[in-house]
Every structure is written in structure tokens, then in C-alpha cells.
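*Asks:* First, the structure itself, so that you have it in front of you.
Following this line, the structure appears as C-alpha cells:
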């Protein structure tokens with residue numbers, strides 16, 4: 110099987126997907142590549158809680174595992190450098206789609222915004238040490254108010 114490409118990503122790239130919900134994005138990449146052997150997909154949730162939160166999660170996980178994906182549950186982005194399966198691993202791309210710190214207050218409250226900023230900062234701090242030379246960190250995020258107040262580009266510059 111030759112190398113396959115979908116947008117920015119190639120089947121030969123080492124890819125870490127962080128904070129997956131139902132693992133549908135990971136599965137989309139894996140299906141497009143025909144393999145997930147170079148992919149690690151993580152979630153903050155346990156496998157059991159995923160079953161309760163997302164109806165399609167277990168089916169997605171089963172298919173990802175069959176395609177060779179490494180799945181790691183209960184991964185906190187603030188400490189992901191220390192997790193088994195992630196220690197001493199380096200990636201070409203580290204992807205965090207729609208990071209969210211949970212619902213403690215209203216999205217527009219300063220306290221809630223700070224929680225989100227702390228989440229993204231913790232992720233960026235850990236992720237920068239997990240990149241291969243020339244690797245990239247990708248964060249997908251809303252840019253409308255109040256999400257624009259997270260200042261993700263500024264957070265990224267602070268982390269180097």
C-alpha cells in the first residue's frame with residue numbers, strides 16, 4: 110500500500126490526536142489512510158464513560174484498533190508527557206480539536222475563559238516536547254466571541 114494523503118496529513122506521519130470525544134475524527138483519518146498504525150488517539154474519558162457519553166464511540170474504537178491505532182484513555186493534557194504509550198514518543202502532528210475545559214460557568218465568564226486558557230496552555234507546554242523536528246501542533250477552535258477571548262495564538266507564542 111502506497112502513502113495516502115488527506116489534507117495536511119500523510120499515512121506515514123506519526124500523529125497524536127488529543128482529547129478525542131467519540132473518536133470520529135481519528136477514524137476518519139484512519140479510514141482515509143487505510144491504516145492507523147502511525148496514530149495514537151487519546152481521550153480524557155475512560156472507555157466505560159465513553160460508552161455512556163457517545164453512542165458511536167465503542168464502534169469507532171473497535172474499528173480504530175482493527176486498523177492498528179493505539180488508544181489511550183484518561184489522558185490529561187497537563188501530564189500527557191508522563192503517560193505510558195506517550196513517554197519518549199515524538200510525533201509529526203499533534204492535533205487537539207475543539208479543546209474545552211468543561212462547563213463550570215457560562216462560556217463568557219472570565220473564570221470559565223481562564224479555565225480554557227489553562228487547558229490550552231498545559232496542552233501546548235506538553236505537546237512542544239513531543240514533536241519531531243519540523244513537527245506541528247494543530248488546534249481546531251471557534252473564533253467567535255467568547256472563544257476569541259482565549260487568544261490561542263498568543264498562548265502558543267508564550268509556549269514557544
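Numbering (this note's numbering), first residue to last: 110 to 269. Note that the Cβ used here is the ideal one computed from N, Cα and C, for glycine as well. Note that the coordinates shown come from a computational prediction; the quantities given were computed from them, not determined experimentally.
1) Indicate the three-state DSSP secondary structure (helix, strand or coil) for residue 150 in the structure shown.
2) Looking at the secondary structure, which residues open and close the beta strand (DSSP E) in which residue 271 lies?
3) If the criterion is Cβ atoms closer than 8 Å, does the pair residue 201 and residue 122 meet it?
4) Excluding sequence positions up to five away, which residues of its chain have a Cβ less than 8 Å from the Cβ of residue 144?
5) Which ranges would you report for the beta strand (DSSP E) in the region 181 to 207 if only whole runs of at least 3 residues count?
6) Would you be able to state if there are at least three C-beta pairs under 8 Å between the region 158 to 174 and the region 188 to 196?
7) Take residue 139 and list the residues in its own chain whose beta-carbon comes closer than 7 Å to its own, dropping the five residues that flank it on each side.
8) Quick one: is residue 152 buried, meaning 16 or more other Cβ sit within 10 Å of its Cβ, or exposed?
9) Tell me which residues share the same chain as residue 215 and place their Cβ nearer than 8 Å to its Cβ, disregarding the 5 neighbours each side in the sequence.
10) Going by Cα to Cα distance, which pick from 115, 142 and 159 is closest to residue 131?
11) For residue 225, does the count of other Cβ atoms within 10 angstroms reach 16, so buried, or fall short, so exposed?
12) With a cut-off of 8 Å on the beta carbons, I'd call residue 180 and residue 125 a contact; round off their distance for me.
13) Can you tell me whether residue 237 is helix, strand or coil according to DSSP?
*Replies:* A quick look at the data gives this:
1) Here the question's residue 150 lines up with position 41 in the chain shown. Correct three-state label for residue 150: strand.
2) One cannot answer for residue 271 here, as it falls past the ends of the chain, which runs 110 to 269.
3) What you label residue 201 is simply residue 92 of the chain shown in a count that begins at 1. What you label residue 122 is simply residue 13 of the chain shown in a count that begins at 1. Taking 8 Å as the Cβ cut-off, residue 201 and residue 122 qualify as a contacting pair.
4) Start at 1 with the first residue of the chain shown, and residue 144 comes out as number 35. These residues qualify, in order along the chain: 110, 120, 176 and 177.
5) 200 to 206
6) no
7) The residue you call residue 139 lines up with position 30 of the chain shown. Correct list, in chain order: 145, 148, 173, 176 and 178.
8) Indexing the chain shown from 1 puts residue 152 at position 43. By the neighbour-count rule (16 or more Cβ atoms within 10 Å), residue 152 is buried.
9) The residue given as residue 215 occupies position 106 in the chain shown. Excluding positions up to five away in sequence, the list reads 221.
10) Locating residue 131 in the chain shown gives position 22, counting from the first residue. Ranking the options by Cα distance to residue 131, first place goes to 159.
11) Your numbering for residue 225 matches position 116 in the chain shown. With 16 or more Cβ atoms within 10 Å of its Cβ, residue 225 is classed as buried.
12) Here residue 180 is taken as the residue at index 71 of the chain shown, counted from 1. Here residue 125 is taken as the residue at index 16 of the chain shown, counted from 1. The pair is not a contact, with the Cβ atoms about 12 Å apart (cut-off 8 Å).
13) Taking the first residue of the chain shown as 1, we reach residue 237 at position 128. Correct three-state label for residue 237: helix.
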